[in-house]
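Residue numbers (our numbering): 17 to 702. Written out below as structure tokens is the structure these notes cover.
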């Protein structure tokens with residue numbers, strides 16, 4: 017019986033041991049996760065016990081440790097004991113961490129957690145403070161790039177105001193944000209500065225060039241408008257310098273005001289770190305590795321428990337004793353863009369190796385994203401293969417590692433040690449070449465000068481923009497001028513200067529249409545109570561013009577006239593009649609038009625003028641306008657060039673207008689004679 021009892025007891029003991037072993041094995045991962053926050057909390061509590069403001073050494077490019085006094089000064093404004101923690105964003109859950117730190121520290125007060133962007137969490141223990149509303153104010157009243165110091169300043173302001181005012185302020189900030197009134201960014205990036213430089217370059221050339229080119233062009237365009245010759249004032253040559261001076265002043269004004277408008281000098285709120293800020297983390301990690309080949313950052317999640325650490329130490333000792341092996345240093349430290357190495361694990365490993373002063377394999381494992389990088393410094397291993405060709409299951413992990421809270425870091429480091437054991441040895445110790453230095457944090461946030469970079473291509477583009485603008489403006493003004501010419505005839509006083517001596521059929525057709533429309537419009541608007549000689553003359557001219565245009569008295573067909581009339585000689589006669597009719601309505605009866613060029617308008621007198629450029633003795637007694645009279649007196653040889661010529665009926669060359677046939681032959685005989693010829697020709701045609 018006793019034997020049976022002893023066997024039964026032994027079986028029970030064995031089962032108990034087995035069950036306990038299974039439970040411990042199942043609880044191991046949870047234990048690793050559960051100890052993460054306590055380790056962090058204990059470390060941070062010890063730091064806060066020394067100083068109520070703790071700034072991590074892992075963010076020197078954004079929040080250097082030298083900013084701690086500024087945070088401490090702001091913390092005093094809350095009116096309650098305030099403990100400030102500045103940690104990387106991925107450290108842990110904010111509320112959980114603050115609770116744990118308070119438990120470890122054992123002091124009541126206001127606990128505030130910040131990351132590289134601003135205040136993220138706050139909790140009050142044993143004191144009265146509107147933590148939630150203050151966090152809301154800091155989050156909603158400032159843009160994302162305001163920086164942690166400004167964010168903490170808003171936070172302390174809201175806390176100092178008390179619960180009621182902080183609640184009102186938080187509600188107003190939320191309402192503005194919900195309405196789409198988000199705070200504008202306080203800083204610009206390098207690409208924004210490039211755009212500013214490019215725009216400045218464009219403006220610096222486009223504006224003065226546009227003034228130099230478009231102002232004279234617009235002046236010439238205005239002189240070409242109907243009636244411009246009559247309104248034109250003599251231009252003083254002494255004022256020719258005004259346009260270049262204005263262009264020069266505009267360039268100087270742009271160059272002077274651009275730096276004031278684009279006055280940004282920095283791309284971030286981050287202050288310039290001190291040399292101590294940039295070396296603090298590497299010094300800390302190196303000091304830890306000198307004491308222990310496995311260093312886990314106490315501010316970060318703890319991915320290895322005691323059992324896993326012990327196994328990793330055993331694997332490292334085995335590798336040290338192996339042929340061609342050596343020391344292995346494992347640093348479980350985050351690699352962030354804001355750290356001194358700008359997230360470059362190779363650069364960080366080189367800095368730690370320099371401070372440790374011992375050759376070996378330096379392993380950088382990121383507890384945030386789970387990545388593993390291996391850098392060989394001085395062992396007989398293929399350095400390039402270890403750094404660039406490390407198996408992905410070790411360097412990045414598999415799907416299971418992505419889902420696990422600890423990234424299966426212990427298993428992957430164990431596989432790494434196996435990989436090192438099996439790696440072929442080289443004949444000589446190897447090391448990677450010196451890594452590329454990280455961007456200088458003292459200049460990384462300094463924007464380049466405005467007049468640099470894309471400013472120079474902008475100068476060229478300014479010239480291109482000027483050309484494009486000139487093409488657009490000339491096209492628009494051309495359309496406007498054509499529309500004005502179609503609607504507004506040339507004033508009589510400007511005709512001698514504006515009318516060509518070799519017009520095209522298209523020009524004659526357009527001018528005839530404009531003059532005929534103007535005559536019809538003026539005649540309809542001018543209806544005297546009693547008949548007068550001038551109104552009768554206008555009616556005769558209008559009737560003759562309508563007959564030439566082929567619309568008779570049907571003014572509804574005026575829109576199409578004189579599209580059916582393509583004979584240049586007839587078009588000249590139509591223009592003369594329409595202008596004479598409009599002049600009669602203005603109580604200015606014109607009997608004779610310029611015989612040299614009827615398009616010049618009414619004649620001033622008669623003159624014996626030369627009508628041939630080759631035959632000096634070929635002359636005619638013709639009515640002439642003021643311009644042709646002056647030419648005949650000053651330079652008789654220039655008169656033949658003023659003689660109106662029309663496209664020949666055969667389409668070959670040009671002929672004098674009075675030899676082109678049709679009604680134009682009677683033009684120089686006077687308006688009354690021209691009206692009779694048109695009527696006679698119409699009766700004969702019927």
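We put the CB at the ideal spot given by N, CA and C, even for glycine.
Taking DSSP as the reference, what is the three-state secondary structure of residue 392? Of the three classes helix, strand and coil, the one that applies to residue 392 here is strand, per DSSP.
Once the 5 residues before and after residue 266 are set aside, which same chain residues still bring their CB inside 7 Å of it? Cβ neighbours of residue 266 beyond the five flanking positions: 223, 224 and 227.
Outcome for residue 173 when other beta-carbon atoms lying within 10 angstroms are tallied against a minimum of 16: Its Cβ being crowded by 16 or more others within 10 Å, residue 173 is buried.
Since residue 712 is in the alpha helix (DSSP H), which residue starts that stretch and which ends it? An answer regarding residue 712 cannot be provided, because it is not within the stretch 17 to 702 covered by the chain.
Please report the straight-line C-alpha distance between residue 612 and residue 543, rounded to a whole angstrom. Approximately 34 Å between the Cα atoms of the pair.
Report the option in 156, 586, 690 and 671 whose CA atom is closest to the CA atom of residue 656. Considering only 156, 586, 690 and 671, the residue with the shortest C-alpha distance to residue 656 is 671.
So what does DSSP say about residue 635, is it helix, strand or coil? Here residue 635 carries a strand assignment [DSSP, helix/strand/coil].
Do residue 663 and residue 521 have their beta-carbon atoms positioned less than 9 Å apart in this structure? Yes, they are a contact pair.
Do the CB positions of residue 56 and residue 116 come within less than 9 Å of each other? Their beta carbons are under 9 Å apart, which means residue 56 touches residue 116 by this criterion.
Mind pulling the alpha helix (DSSP H) runs of 4 or more residues that sit fully within the segment 192–271? As far as the segment 192–271 is concerned, its whole alpha helix (DSSP H) runs of at least 4 residues are 206–239 and 244–247.
Let me know if residue 209 comes out buried or exposed under the rule of 16 or more other beta-carbons within 10 Å of its beta-carbon. So residue 209 ends up on the buried side.
What are the boundary residues of the beta strand (DSSP E) that residue 304 is part of? Counted as a single uninterrupted DSSP element, the stretch harbouring residue 304 is not any beta strand (DSSP E) but the alpha helix (DSSP H) occupying residues 291–307.
According to DSSP, residue 446 sits in a beta bridge with which residue or residues? DSSP output for residue 446 lists 395 as bridge partner(s).
Assign residue 393 to buried or exposed, taking buried as 16 or more other Cβ atoms, counted over all protein chains shown, within 10 Å of its Cβ. A buried status is given to residue 393, since no fewer than 16 other beta-carbon atoms sit within 10 Å of its beta-carbon.
Close beta carbons around residue 282, own chain, < 7 Å, minus the five adjacent residues each side: Short of 7 Å from the beta carbon of residue 282, and not among the five residues preceding or following it, lie these beta carbons of its own chain, in chain order: 203, 461, 462 and 463.
Reducing DSSP to helix, strand and coil, say where residue 703 ends up. Limits of the chain in this structure are 17 at one end and 702 at the other, which puts residue 703 out of reach.
Assuming residue 436 contacts residue 213 under a Cβ cut-off of 8 Å, what Cβ separation, rounded to an integer in Å, is found between them? The C-beta distance from residue 436 to residue 213 rounds to 51 Å, too long to meet the 8 Å contact threshold.
Could you check if residue 160 is buried or exposed, using at least 16 other CB atoms within 10 Å of its CB as the buried criterion? Exposed, since its Cβ has fewer than 16 Cβ neighbours within 10 Å.
Which ranges does the beta strand (DSSP E) cover as unbroken runs of at least 3 residues, wholly within the segment 649–681, from first to last along the chain? Along the segment 649–681, the beta strand (DSSP E) occurs as fully enclosed runs of 3 or more residues at 661–663 and 670–672, listed in sequence order.
Are the CB atoms of residue 102 and residue 151 within a distance shorter than 9 Å? Not closer than 9 Å, so no.
Would the segment 363–383 count as touching the segment 478–496 if we require 3 or more Cβ pairs under 8 Å? Judged by Cβ distances under 8 Å, the segment 363–383 makes no contact with the segment 478–496, as fewer than three pairs qualify.
Taking the continuous alpha helix (DSSP H) assigned at residue 597, which residues delimit it? Annotation for residue 597: the continuous alpha helix (DSSP H) segment containing it runs 584–601.
6 Å CB neighbourhood of residue 431 in its chain, flanking five on each side removed: Exclusion of the five residues before and after residue 431 leaves 410 as the residues of its chain whose Cβ lies within less than 6 Å of its Cβ.
How should residue 547 be labelled, buried or exposed, when 16 other C-beta atoms within 10 angstroms of its C-beta is the threshold for buried? Counting the other Cβ atoms within 10 Å of the Cβ of residue 547 gives fewer than 16, which makes it exposed.
Quick one: what's residue 137 bridged to in DSSP? Within the DSSP secondary-structure output, residue 137 pairs in a beta bridge with 129.
DSSP on residue 627, reduced to helix/strand/coil? For residue 627, the secondary structure class from DSSP, reduced to helix, strand or coil, is coil.
For residue 207, is the classification buried or exposed, using 16 other Cβ atoms within 10 angstroms of its Cβ as the cut-off for buried? Exposed, by the Cβ-count rule.
In whole angstroms, what is the alpha-carbon distance linking residue 429 and residue 328? Taking the straight line joining both Cα atoms gives about 8 Å.
6 Å Cβ shell around residue 635 - same chain, five flanking residues per side excluded: Non-local C-beta neighbours of residue 635 in its own chain, meaning closer than 6 Å and more than five positions away in sequence, comprise 624 and 626, ordered along the chain.
What's the C-alpha gap between residue 42 and residue 141? Note that residue 42 scores 40 on pLDDT, short of 50, meaning its location in the model is unreliable; the coordinates nonetheless yield the value given after this. One alpha carbon belongs to residue 42, the other to residue 141, and they sit about 36 Å apart.
What is the C-beta distance between residue 220 and residue 258, in whole angstroms, given that I count them as a contact (C-beta under 8 Å)? Residue 220 to residue 258, Cβ: 21 Å. No contact.
For the beta strand (DSSP E) that contains residue 312, what are its first and last residues? Boundaries of the beta strand (DSSP E) around residue 312: 310–312.
By Cβ distance, which residues of its chain are closer than 6 Å to residue 5, with the 5 residues on each side in sequence left out? Beyond the ends of the chain as shown, which are 17 and 702, falls residue 5; an answer cannot be given.
Just to confirm, are residue 294 and residue 76 a CB contact at a threshold of 9 Å? A contact, by the Cβ cut-off of 9 Å.
Pairing CB atoms from the segment 444–458 with CB atoms from the segment 356–373, are three or more of them under 8 Å? The way I'd put it, the segment 444–458 does touch the segment 356–373; three or more beta-carbon pairs between them come closer than 8 Å.
Taking 7 Å as the limit between beta carbons, can you name the residues of its chain near residue 353, skipping five residues before and five after? Hits under 7 Å: 359.
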